[in-house]
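First to last, the sequence lines map onto chains W and B. Under the working numbering, the very last position in the first sequence is 377; numbers go up by exactly one each time. Under the working numbering, the very last position in the second sequence is 186; numbers go up by exactly one each time. Beta carbons are placed, not taken as given, at the ideal position from N, Cα and C, and that holds for glycine.
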Amino acid sequence: MTQSAPTEAGQDELMEISMGPQHPSTHGVFRMDVRLDGERVLRLKPVFGYLHRNHEKIAEGASYLAAIPYTDRLDYLCSMTNNWGYALAVEKLAGLTVPERAEYIRVIVAELTRLQNHAGMAGFLLQDMGASGTPLMYAFREREKVLDLFESLSGARMMCNYMRFGGVRVDCSAEWLSQTAKLVGTFGGFLDEFEKLLTGNEILMARTQGVGVLPRELAINAGITGPGLRASGVNYDLRKVDRYGVYDRFAFRVPLGEHGDVFDRYMMRVLEMRESLKILEQALRDIPGGPIMDPKARLRGLRPKAGEAYARVESPKGELGFYLISDGSTNPYRYRVRPPSLINLTVLEDMCLGHNIADVVVILGSIDIVMGEVDR
Amino acid sequence: MLGVGIVKGLAETARNFFGSFVDKERLVTVQFPEERLPVSESARNFPFLIYDGDDKEQGLRCVACQICEKECPPRCITIEKSKDKKPDFVGKQQFYPAVFDIDVSVCMSCQICVEVCPFDAIRMDNAFELSTTDRFAALLWSKDKLSLPNEHYLAIHPTEAAEVEARRAEEKAQAEAKKQPPVAK
Chain W
2 MTQSAPTEAG QDELMEISMG PQHPSTHGVF RMDVRLDGER VLRLKPVFGY LHRNHEKIAE
62 GASYLAAIPY TDRLDYLCSM TNNWGYALAV EKLAGLTVPE RAEYIRVIVA ELTRLQNHAG
122 MAGFLLQDMG ASGTPLMYAF REREKVLDLF ESLSGARMMC NYMRFGGVRV DCSAEWLSQT
182 AKLVGTFGGF LDEFEKLLTG NEILMARTQG VGVLPRELAI NAGITGPGLR ASGVNYDLRK
242 VDRYGVYDRF AFRVPLGEHG DVFDRYMMRV LEMRESLKIL EQALRDIPGG PIMDPKARLR
302 GLRPKAGEAY ARVESPKGEL GFYLISDGST NPYRYRVRPP SLINLTVLED MCLGHNIADV
362 VVILGSIDIV MGEVDR
Chain B
2 MLGVGIVKGL AETARNFFGS FVDKERLVTV QFPEERLPVS ESARNFPFLI YDGDDKEQGL
62 RCVACQICEK ECPPRCITIE KSKDKKPDFV GKQQFYPAVF DIDVSVCMSC QICVEVCPFD
122 AIRMDNAFEL STTDRFAALL WSKDKLSLPN EHYLAIHPTE AAEVEARRAE EKAQAEAKKQ
182 PPVAK
């Protein structure tokens with residue numbers, strides 16, 4: 002769909018393109034109004050809201066328990082971390098504590114989520130760049146193994162609905178832990194293979210280095226979080242800053258980028274997967290026995306006393322926050338999600354200006370958005 | 002040198018391609034529907050109602066307490082309580098659902114109905130080839146379609162079902178003991 006802009010003289014040379022919402026590279030129903038001079042981007046307006054499902058209002062009308070399956074559907078690739086963020090907020094509100102074993106299980110499933118999300122993201126990014134098929138299929142082969150673990154633990158591959166206030170729903174068996182340890186042992190081999198395939202590739206470097214640079218100051222001012230922020234060289238990881246759960250017990254490093262371009266953002270994902278493997282190894286080694294639920298926790302009819310709570314977790318995409326206000330009844334008075342994807346998307350125009358239209362696809366892919374979370 | 006990275010990458014692809022002929026790990030494609038993977042024991046799809054014995058009506062465990070109806074996040078369950086009562090597995094008179102409908106086009110397979118059920122009456126099935134050409138009537142499952150024998154539960158979730166069986170046997174034994182006052186001391 003093209004049309005000329007009639008107003009100013011000389012402007013009729015410009016072309017306006019509506020990319021999306023059914024464009025295969027937009028990762029869901031997302032539209033970009035792009036004004037082009039030849040192939041160069043002069044203006045880019047993101048348009049979203051096509052996938053709005055009234056998530057926050059539904060959760061305000063539902064009981065605290067009934068909102069958990071809805072949080073699965075925010076960022077539908079990372080249901081475990083979404084569950085965790087929401088469970089943390091309700092635990093703060095209701096004053097519940099989580100037993101040791103449940104904390105370790107939470108760390109294990111959250112880091113597995115990070116592995117599969119980043120593997121998928123790297124695969125999709127390469128697919129967007131035109132490396133059609135191979136990297137995506139390799140990444141999905143590994144991702145599938147993580148999803149199989151989720152299925153045998155929680156019953157569902159993606160919509161896990163696994164965490165509960167004060168713990169987790171079912172205990173993991175020794176067999177599941179050994180299967181996870183086996184996966185952790187082989188995942189490093191996959192990363193080596195993936196990096197051999199791609200990281201030194203001249204086409205990848207030409208397409209990504211110096212493309213979509215996000216300056217450090219802009220990243221901070223715009224509230225960018227997650228790998229996108231760390232690629233710009235800002236050392237901010239909630240697992241280190243907040244040390245929620247039992248993250249203070251694990252030795253791991255936060256990878257930082259220098260240039261803030263697409264290549265750095267891609268490398269952040271690969272390096273974070275390697276760090277996640279370290280956390281997983283330690284968690285699988287140290288996991289204690291014991292209960293998985295706070296004995297005070299009740300499944301139904303939770304009525305936290307009036308008050309408010311904000312809890313945040315480092316989801317694979319950035320800071321995922323849940324803000325709850327309780328008026329003492331069985332459902333929250335106000336429920337608000339701080340979605341990392343939406344806020345990371347706000348700098349899309351700044352990153353794309355001056356680049357070619359083909360780079361817009363790559364830059365969007367490097368932000369790693371999921372529309373379920375952007376539109377909610 | 003330009004092109005080294007590309008050659009290295011192609012070598013990796015070749016290794017995977019030829020490796021798939023000898024290494025089962027590299028050959029991940031499953032030729033569904035001719036080939037099938039085993040379904041995980043905890044896999045869930047849509048709920049079903051359990052009945053004991055052979056009679057769907059008499060053996061139905063559900064007592065129409067309507068907890069699942071209230072807790073269901075997308076509100077896909079409709080229950081109408083019966084007027085009369087029937088005895089349950091310990092012989093206590095209980096209501097039963099005159100109507101029990103699940104709209105599976107709305108159900109999001111979250112398992113919350115299973116978790117909140119105090120009577121072990123509703124469980125998740127793992128059947129997944131359920132597509133139909135009728136958008137409405139065929140996706141509104143009534144009590145008759147939802148009721149499945151306890152043997153089915155024992156077959157698809159053996160570990161979990163064994164725990165439930167043990168607990169119910171204990172409850173039954175306790176109820177029997179209460180019914181018959183101890184013989185003279």
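Could one say the Cβ of residue i lies closer than 9 Å to chain B's Cβ atoms, at least one of them?
{"i": "W:R304", "result": "no"}
{"i": "W:R377", "result": "no"}
{"i": "W:K183", "result": "no"}
{"i": "W:A157", "result": "yes"}
{"i": "W:L205", "result": "yes"}
{"i": "W:D172", "result": "no"}
{"i": "W:R74", "result": "yes"}
{"i": "W:Y248", "result": "no"}
{"i": "W:G373", "result": "no"}
{"i": "W:S153", "result": "yes"}
{"i": "W:Y139", "result": "yes"}
{"i": "W:T135", "result": "yes"}
{"i": "W:D149", "result": "yes"}
{"i": "W:E144", "result": "Reading off the sequence, residue 144 of chain W comes out as Arg, not Glu. W:R144 does not count as touching chain B."}
{"i": "W:N162", "result": "yes"}
Report the partner residues of residue i according to the DSSP bridge assignment.
{"i": "B:T79", "result": "B:D102"}
{"i": "W:D34", "result": "W:S19 and W:K46"}
{"i": "B:I123", "result": "B:L50"}
{"i": "W:P323", "result": "Note that residue 323 of chain W is Phe in the sequence shown here, rather than Pro. W:A312 and W:V338."}
{"i": "B:F96", "result": "B:K86"}
{"i": "W:W85", "result": "W:W85 pairs with nothing; no bridge assigned."}
{"i": "B:W142", "result": "B:I103"}
{"i": "W:V169", "result": "W:M164"}
{"i": "W:R115", "result": "Paired residues: none, contrary to the question."}
{"i": "W:L126", "result": "Partner(s): none; W:L126 has no beta bridge."}
{"i": "W:R41", "result": "W:D38 and W:N357"}
Identify, in the order they occur along the chain, each residue of the same chain with its Cβ nearer than 7 Å to the Cβ of residue i, setting aside the five sequence neighbours on each side.
{"i": "W:V255", "result": "R231, N236, D238 and K241"}
{"i": "B:F129", "result": "N46"}
{"i": "W:L192", "result": "V271, M274 and R275"}
{"i": "B:Y154", "result": "I51, R124 and A162"}
{"i": "B:A44", "result": "N127"}
{"i": "W:L219", "result": "V348 and D351"}
{"i": "W:M122", "result": "R270 and D369"}
{"i": "W:A60", "result": "A68, Y71, P333 and Y336"}
What residues in its chain sit with their C-beta under 8 Å from that of residue i, if we drop five residues either side in the sequence?
{"i": "W:G258", "result": "R231, A232, S233, G234, D265, R266, M268 and M269"}
{"i": "W:G329", "result": "R304, P305, K306 and A307"}
{"i": "W:Y105", "result": "V247, A284, D287, I288 and P289"}
{"i": "W:M2", "result": "Confidence is the limiting factor: at W:M2 the pLDDT is only 43, short of 50, which leaves the residue's position unreliable, though a coordinate-based value still follows. So the list reads I18 and S19, once near-sequence residues are dropped."}
{"i": "B:E26", "result": "none"}
{"i": "B:P159", "result": "E42"}
{"i": "W:A10", "result": "With a pLDDT of only 49 at W:A10, under the threshold of 50, the placement of this residue in the model should not be trusted, and no figure is reported."}
{"i": "W:L43", "result": "L15, R36, L37 and L354"}
Measure from the C-beta of residue i to each C-beta in chain W and report whether the shortest distance is under 9 Å.
{"i": "B:T79", "result": "no"}
{"i": "B:L68", "result": "According to the sequence provided, residue 68 of chain B is Ile. The question's Leu does not apply to it. Answer yes: the Cβ-Cβ gap between B:I68 and chain W drops below 9 Å somewhere."}
{"i": "B:Q95", "result": "no"}
{"i": "B:T14", "result": "yes"}
{"i": "B:I51", "result": "no"}
{"i": "B:C73", "result": "yes"}
{"i": "B:I123", "result": "no"}
{"i": "B:F132", "result": "The question names Phe, but residue 132 of chain B in the sequence shown is Ser. For B:S132, the answer is no, since every Cβ of chain W falls outside 9 Å of its Cβ."}
For residue i, which residues in the same chain have their Cβ closer than 6 Å to its Cβ, ignoring the five residues on either side in sequence?
{"i": "W:G224", "result": "I344"}
{"i": "B:D121", "result": "V165"}
{"i": "W:R102", "result": "P289, G291 and I293"}
{"i": "W:V362", "result": "S26 and D129"}
{"i": "B:V100", "result": "E81"}
{"i": "W:A298", "result": "L97, F166 and G167"}
{"i": "B:A176", "result": "V91"}
Counting only C-beta atoms, is residue i closer than 9 Å to chain D at any point?
{"i": "B:P48", "result": "Of the chains in the structure shown, none is chain D; the protein chains are W and B."}
Worksheet item: Does the segment 282-297 of chain W come within contact of the segment 306-315 of chain W, defined as at least 3 CB pairs closer than 8 Å?
Response: At 8 Å Cβ cutoff, the stretches do not touch.
Discussion item. Taking 8 Å as the cut-off, does the segment 155-165 of chain W touch the segment 79-91 of chain W (at least 3 CB pairs, one atom from each stretch)?
Written reply: Yes, the segment 79-91 of chain W is in contact with the segment 155-165 of chain W.
Discussion item. I'd like to know if the segment 362-369 of chain W and the segment 120-133 of chain W are in contact, where contact means that at least 3 CB-CB pairs between them fall below 8 Å.
Written reply: Result yes; three or more Cβ-Cβ pairs closer than 8 Å.
Worksheet item: In chain order, what residues of the segment 295-321 of chain W put their CB closer than 8 Å to some CB of chain B?
Response: Those residues of the segment 295-321 of chain W that come within reach of chain B (Cβ to Cβ, closer than 8 Å) are L300 and R301.
Worksheet item: Of the residues that make up the segment 195-221 of chain W, which ones have a beta carbon closer than 9 Å to any beta carbon in chain B?
Response: The residues in question are F195, K197, L198, L199, T200, G201, N202, E203, I204, L205 and M206.
Item to complete: Closer than 8 Å, Cβ to Cβ, to anything on chain W: give me those residues from the segment 88-117 of chain B, in chain order.
Response: Taking a C-beta cut-off of 8 Å against chain W, the contacting residues of the segment 88-117 of chain B are M109, S110, C111, Q112, I113, E116 and V117, listed in chain order.
Worksheet item: Should the segment 331-339 of chain W be regarded as contacting the segment 56-66 of chain W, the criterion being three or more beta carbon pairs within less than 8 Å?
Response: Contact between the segment 331-339 of chain W and the segment 56-66 of chain W is present, with at least three C-beta pairs closer than 8 Å.
Discussion item. If contact is defined by three or more beta carbon pairs under 8 Å, each pair taking one atom from either stretch, is the segment 132-151 of chain B in contact with the segment 81-88 of chain B?
Written reply: With the rule of 3 Cβ pairs closer than 8 Å, the segment 81-88 of chain B does not count as touching the segment 132-151 of chain B.
Fill in: the segment 108-119 of chain B in contact with the segment 62-73 of chain B per 3-pair CB rule at 8 Å
Yes: at least three Cβ pairs fall under 8 Å.
Worksheet entry | Under 9 Å (Cβ pairs) to chain B, residues found in the segment 47-81 of chain W | Within the segment 47-81 of chain W, the qualifying residues are I59, A63, S64, L66, A67, A68, I69, P70, Y71, D73 and R74.
Worksheet item: Of the residues that make up the segment 145-162 of chain B, which ones have a beta carbon closer than 8 Å to any beta carbon in chain W?
Response: Cβ contacts with chain W: none found.
Worksheet item: Is the segment 7-19 of chain B touching the segment 42-57 of chain W, taking contact as three or more C-beta pairs under 8 Å?
Response: Put simply, the segment 7-19 of chain B does not touch the segment 42-57 of chain W. Fewer than three CB pairs are less than 8 Å apart.
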